[in-house]
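Residue numbers (this note's numbering): 16 to 215. Every residue gets a Cβ at the ideal spot worked out from N, C-alpha and C, and that includes glycine. For reference, the structure is listed below as structure tokens.
Okay, here's the thing in structure tokens:
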């Protein structure tokens, strides 16, 4: 019950897979389903219920993933109440633990924002653990700011602020390390790419 597919089973080639068909037959929907299985959300729609086939109440995507001689059966179930994800029939309590099991890279016209958009957009393309810590940091920052807005200066609980600030510093340090490592790796690849282009 995903988009225009009531039921579909596909076994992919280990190398390159090419989908050929007329417009509107569902080629992009297949790719989108893989992305949703991996990330638990679509790159095309912010509203989850739009992914469910018309007149249906629930969708399910399964995928068998083989990596490093390990096979994982991934499953995502989605309905109006929310979504449930599992690995080898064990339900994952945290989405952040689930999405690291299938790494996908998607490129579409909107991805030009990587070059033209703000740094905040580019940061979304760092790894999933980075996103987890970034979300934690933003939640802590939001909590601290909302608390400060509701308190007068003479009624601020310094111990509470110190605890949140300490956690913010801890998350910020981890985020910095991820960004530093990412930029260094990127620079290493850029050297080789530049050399092959410039022929220096």
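DSSP places residue 74 outside any alpha helix (DSSP H); the residue lies instead in the beta strand (DSSP E), whose first and last residues are 73-82. Contact check for residue 99 against residue 68 fails: the beta carbons are separated by 8 Å or more.
Counting only the Cα atoms, residue 35 lies some 10 Å from residue 41.
DSSP lists 17 as the bridge partner or partners of residue 20. Per DSSP, residue 107 is not a residue of any beta strand (DSSP E), being assigned neither H nor E.
Under the Cβ criterion (8 Å, minimum of three pairs), the region 146-160 counts as touching the region 172-191. Looking at 105, 209 and 163, the one whose alpha-carbon comes closest to that of residue 175 is 163. With respect to residue 89, residue 78 sits close: the two C-beta atoms are nearer than 8 Å. According to DSSP, residue pairing for residue 92 in a beta bridge involves 75 and 99.
No residue range can be given for residue 56, since it is assigned to no alpha helix (DSSP H) and is classified by DSSP as neither H nor E. Remark: C-beta atoms of residue 92 and residue 120 do not approach each other more closely than 8 Å. For residue 198, the uninterrupted alpha helix (DSSP H) segment begins and ends at 173-213.
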